[in-house]
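Numbering (this note's numbering), first residue to last: 381 to 489.
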């Protein structure tokens with residue numbers, strides 16, 4: 381997930397080191413830069429496949445069957461990678477997702 385940030389932070393951020401192998405001031409600066417960097421976050425409700433002819437024939441009001449139960453949690457993706465499971469909800473008129481738990485490495489969502 382950090383690779384896209386490397387270009388934004390610049391090459392200098394990766395080349396400094398002190399006598400102990402670390403430049404503490406630089407580590408703090410790097411941490412601040414990373415903390416303020418935007419990341420793409422998406423919530424995926426369900427996924428399915430369909431033929432191109434079915435896709436071309438879609439009309440307003442059509443239903444797409446996914447094979448997933450309506451109570452199943454959504455998957456929150458960070459930079460395209462599944463990171464959390466969540467439930468859908470509403471807060472002050474806005475759609476929201478509430479994080480249930482993180483997804484472990486290698487675990488399928």
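Every residue gets a Cβ at the ideal spot worked out from N, C-alpha and C, and that includes glycine.
So, using beta-carbon positions, are residue i and residue j closer together than 8 Å?
{"i": "residue 479", "j": "residue 456", "result": "yes"}
{"i": "residue 446", "j": "residue 415", "result": "no"}
{"i": "residue 485", "j": "residue 464", "result": "no"}
{"i": "residue 454", "j": "residue 477", "result": "yes"}
In terms of alpha-carbon separation, which member of the options lies closest to residue i?
{"i": "residue 459", "options": "414, 420, 485, 407", "result": "420"}
What are the boundary residues of the alpha helix (DSSP H) that includes residue i?
{"i": "residue 436", "result": "432-436"}
Can you tell me which residues form a DSSP beta bridge with residue i?
{"i": "residue 482", "result": "464"}
{"i": "residue 455", "result": "424, 465"}
{"i": "residue 488", "result": "Beta-bridge pairing links residue 488 to no other residue."}
Between which two residues does the beta strand (DSSP E) containing residue i stretch?
{"i": "residue 421", "result": "421-424"}
Contact defined as beta carbons within less than 8 Å: I believe residue i pairs with residue j. What is the distance between those atoms, to the nearest angstrom?
{"i": "residue 428", "j": "residue 444", "result": "6 Å"}
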